[in-house]
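A.B. asks: Each number in the working numbering corresponds to the 1-based position in the sequence shown with 3 added.
Please find one structure pasted underneath; my questions will follow.
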Amino acid sequence: MGKLNVFISHRWDYPDDYERISCALDRSKYDVSDRSVESSDPLVGTMKQVTAAIKGKIDSASVILVPARPAAVTVGSMGRKEVDYALNKKKKIVAVDTGTTSSVASFWAEHAITVVSCRKDSIENVIG
């Protein structure tokens with residue numbers, strides 16, 4: 004299958020969610036290039052510099068995956084800023100329910116963003 008450039012939103016706040024999503028992608032039929040911020044090489048600088056760097060990573064991605072948990076898109080949070088930027092850029096966004104919380108954010112339905120379970124086949128079907 005083809006190569007996909009993927010950005011997983013705000014990975015450093017939800018490392019368990021990131022790992023679950025990343026593992027599902029690793030098992031998928033796609034050759035995935037992870038454009039997320041590396042935990043071993045975090046972005047440093049002013050908020051303006053960090054925001055610009057994250058926008059560059061989102062710009063280079065063909066699909067944005069976001070933990071479906073409500074806290075991931077709290078108003079004013081970096082995760083919400085990432086999603087808002089991706090929405091403005093008309094990027095494909097998928098919320099992934101990793102099962103780490105008992106609810107998903109109503110934000111997804113309000114913005115017609117697909118929510119899928121964190122399974123290889125579920126993610127493959129929506130990102131391809």
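Think of the CB as a built atom: it goes at the ideal place given N, C-alpha and C, for glycine as much as any other residue.
Would you report the Cα separation of D124 and S31, rounded to the nearest angstrom?
C.D. replies: Along the sequence shown, one-based indexing puts residue 124 at 121. Along the sequence shown, one-based indexing puts residue 31 at 28. Straight-line Cα distance between these residues: approximately 7 angstroms.
A.B. asks: Rounded to whole angstroms, what's the CA-CA distance from I11 to S39? Just pull it up for me.
C.D. replies: Working through the sequence shown from its first residue, we reach residue 11 at position 8. Working through the sequence shown from its first residue, we reach residue 39 at position 36. If you take the alpha carbons of I11 and S39, they lie about 5 angstroms apart.
A.B. asks: In whole angstroms, what separates the C-alpha of E22 from that of G82?
C.D. replies: Within the sequence shown, residue 22 is the residue found at index 19, counting from 1. Within the sequence shown, residue 82 is the residue found at index 79, counting from 1. So the two alpha carbons sit approximately 17 angstroms from each other.
A.B. asks: According to DSSP, is K94 helix, strand or coil?
C.D. replies: For the purposes of this step, residue 94 is taken as the residue at position 91 of the sequence shown. If DSSP states are grouped into helix, strand and coil, K94 belongs with coil.
A.B. asks: Can you give me the Cβ contacts of V118 inside the same chain, cut-off strictly under 7 angstroms, excluding the 5 residues immediately before and after it?
C.D. replies: Numbered from its first residue, the sequence shown carries residue 118 at position 115. These residues qualify, in order along the chain: A71, A98, D100, V107, W111.
A.B. asks: State buried or exposed for V78, treating a residue as buried only when at least 16 other CB atoms are found within 10 Å of its CB.
C.D. replies: Working through the sequence shown from its first residue, we reach residue 78 at position 75. So V78 ends up on the exposed side.
A.B. asks: In whole angstroms, give me the CA-to-CA distance for G131 and G59.
C.D. replies: Locating residue 131 in the sequence shown gives position 128, counting from the first residue. Locating residue 59 in the sequence shown gives position 56, counting from the first residue. Rounded to the nearest angstrom, the two C-alpha atoms are 22 angstroms apart.
A.B. asks: Please work out which residues of its chain come closer than 6 angstroms, Cβ to Cβ, to I116, disregarding the five sequence neighbours upstream and downstream, and give them in chain order.
C.D. replies: Start at 1 with the first residue of the sequence shown, and residue 116 comes out as number 113. Answer for I116: I96, A98, listed in chain order.
A.B. asks: When you measure from the CB of V69 to every non-hydrogen atom of the ligand GDP, does any distance come out below 7 angstroms?
C.D. replies: This structure does not include the ligand GDP; it has no bound ligands of any sort.
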